[in-house]
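Numbering (UniProt numbering), first residue to last: 1 to 324.
Cβ coordinates follow ideal geometry from the N, Cα and C atoms, glycine included.
Taking it in order: structure first as structure tokens, then the write-up.
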């Protein structure tokens, strides 16, 4: 059954990694021209920043983002609301099974995902009450599937005109390629709908899309030889004397992760955050950023050895987008 209907949780520990520099690009994704840029943000005591709404990813609940919420509020002065979602809520997606479009791979997001979009709208209304100015804009922070669900919200809901920033963390934005052997669209057509019907990404003074991808582990094909098996599989800082030889079992781990990547982007031997390939987490027209050593989910992460996008050391590299 597809991951769209039943969330997949991976609690298996992986070898420790560290953050390296981040890579940024204003260029369209096909060019893959990633330019180095500084993303350090200084602490500010100002509380005049626009409120932020965190949109949980598939299988996550609101509590998974409590630490991120508190850090944004206490350290940076960003009023923050997390859309209220429980793990059990995701079983509502099973309603799509009775829709013939599910089996044809042409499923549309509404009404199947209306429950989630309503939670987002409630959170946006709550965030608006936190704003010091009545006409203040807000930021949406979409983790994983929450990123493309944010695009649906911005397309269909009235309050979305208050959104001035959409920042996505490890979001699989792009539908999987058609006609690739062994690849099944786990969203059953939802990402095709988003790509065809939602507004394209922009980076303008009025509205900014910032798409952040993690480079935590390189996948490998299920069979045969692979460059990622012969070389290091985990992103580590350059020039720090780290042993780059794969640990025992890392070959199998890379192949398993690679099969997950293949279902998302059609290729196994690519870099990603352990769940979403880097290439799928970027959008043409957005400010695209890649961060080395960043794991996909707060579930099973370790802020020191396996940081996720919301860990403090990683947050410090992208939080400035919420402050400007």
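Check                                                                                           : Outcome
Same chain only: Cβ atoms within 7 Å of residue 263, ignoring 5 sequence neighbours per side    : 176, 183, 184, 186
Pick from 165, 161, 106, 153 that is closest to residue 114, judged by C-alpha positions        : 153
DSSP-derived helix/strand/coil call for residue 52                                              : strand
Delimiting residues of the beta strand (DSSP E) encompassing residue 76                         : Neither: residue 76 is in no beta strand (DSSP E) and is coded neither H nor E.
Residue range of the beta strand (DSSP E) that includes residue 213                             : 208-215
Length of the line joining the Cα atoms of residue 295 and residue 102                          : 30 Å
Among 281, 121, 217, 310, nearest to residue 83 - alpha-carbon criterion                        : 121
Residue 141 vs residue 281 beta-carbon contact at 8 Å                                           : no
Backbone CA spacing between residue 172 and residue 194 [nearest angstrom]                      : 11 Å
Touch test, the stretch 146-161 against the stretch 69-77, Cβ-Cβ under 8 Å, three pairs minimum : no
Spatial distance of residue 290 from residue 254 (CA atoms)                                     : 20 Å
Per DSSP, cross-strand counterpart(s) of residue 139                                            : 52, 165
Candidates 218, 303, 190, 64, of which the one nearest residue 104 by Cα                        : 190
Boundaries of the alpha helix (DSSP H) in which residue 116 is found, first to last residue     : 114-130
Rounded straight-line distance, which links the Cα of residue 261 to that of residue 267        : 6 Å
Candidates 216, 97, 74, 220, of which the one nearest residue 252 by Cα                         : 220
Where residue 155 falls: helix, strand or coil (DSSP)                                           : helix
Status (buried if at least 16 other CB within 10 Å, exposed otherwise) for residue 88           : exposed
Short CB-CB distance (under 8 Å) between residue 211 and chain D                                : In the structure shown, chain D does not exist; there is a single protein chain.
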